[in-house]
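Asks:
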Amino acid sequence: MNKQELVDAVAAKTGDSKAATGEAIDAVIAAITGEVTKGGTVQLVGFGSFSTGARAARVGRNPSTGAEIQIPAAKTVKFTAGKAFKDAVNGVWDRTQAIGRISADGAAAGRVTALGDGGSNGTA
Numbered sequence: 001m002n003k004q005e006l007v008d009a010v011a012a013k014t015g016d017s018k019a020a021t022g023e024a025i026d027a028v029i030a031a032i033t034g035e036v037t038k039g040g041t042v043q044l045v046g047f048g049s050f051s052t053g054a055r056a057a058r059v060g061r062n063p064s065t066g067a068e069i070q071i072p073a074a075k076t077v078k079f080t081a082g083k084a085f086k087d088a089v090n091g092v093w094d095r096t097q098a099i100g101r102i103s104a105d106g107a108a109a110g111r112v113t114a115l116g117d118g119g120s121n122g123t124a
């Protein structure tokens, strides 16, 4: 799924326009990028967390010549999947673990049902 397909899918689920949905997705990406760039962590309970990681300097090898090369230390972005996301990928779907827990009055139920039918196989 590319970005446009994501915009189309979210717009279809929410009933919002594709333009508004695209702007919202861009804003989410910008907020995550901004926070992680500053060294912070973005945690989306049930989905996962974005954070920075570090790669140590190391010796590599040029695949063409076989010569050793020095690869400098670098920062990287880490994503750690949350339990509900892992469970959904593994086919263990529990509606109570969904992103945005169901409140006692069912206020979040619309968002939860948009993620799937609540069946144990993780399909929509």
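In UniProt numbering, the protein residues as written are 1 to 124.
From the three backbone atoms N, C-alpha and C, an ideal C-beta is built for every residue, glycine too.
All of these numbers come straight from a predicted model, not from anything done at the bench.
Exposed or buried, what is A84 when buried is set at 16 or more other beta-carbons lying within 10 Å of its beta-carbon?
Replies: Reading the sequence shown from its first residue, position 84 is the one you call residue 84. Result: buried.
Asks: What does a CB cutoff of less than 6 Å around G60 pick up in its chain, not counting 5 residues either side in sequence?
Replies: To locate residue 60, count along the sequence shown from 1; it is residue 60. Hits under 6 Å: I69 and I71.
Asks: So, with DSSP's three-state summary, where would you put K75?
Replies: Counting from 1 along the sequence shown, the entry for residue 75 is found at position 75. Looking at K75 - three-state DSSP - the assignment turns out to be strand.
Asks: Would you be able to state if there are at least three C-beta pairs under 8 Å between the segment 73-89 and the segment 47-55?
Replies: yes
Asks: Considering just the uninterrupted stretch of the alpha helix (DSSP H) at V89, what are its terminal residues?
Replies: Numbered from its first residue, the sequence shown carries residue 89 at position 89. Start and end: K83 to V89.
Asks: Which residue's Cα is closest to the Cα of G22: G34, L6 and G39?
Replies: As a first step, residue 22 is located in the sequence shown; it is residue number 22 there, counting from the start. The option with the nearest alpha carbon to G22 is L6.
Asks: Taking 9 Å as the threshold (C-beta atoms), are T76 and A56 in contact?
Replies: As a first step, residue 56 is located in the sequence shown; it is residue number 56 there, counting from the start. As a first step, residue 76 is located in the sequence shown; it is residue number 76 there, counting from the start. Against a cut-off of 9 Å, the Cβ pair of T76 and A56 comes out as no contact.
Asks: Determine the DSSP secondary structure at A54, reduced to helix, strand or coil.
Replies: Here residue 54 refers to the residue found at position 54 when the sequence shown is read from its first residue. For A54, the three-state secondary structure derived from DSSP is strand.
Asks: Please state the DSSP three-state secondary structure of V59.
Replies: In the sequence shown, the residue the question calls residue 59 occupies position 59. The answer is strand: DSSP assigns V59 an E or B state.
Asks: Report the partner residues of I69 according to the DSSP bridge assignment.
Replies: On the sequence shown, residue 69 is found 69 positions in, with the first residue counted as 1. DSSP, once it has assigned bridges, lists G60 as partnering I69.
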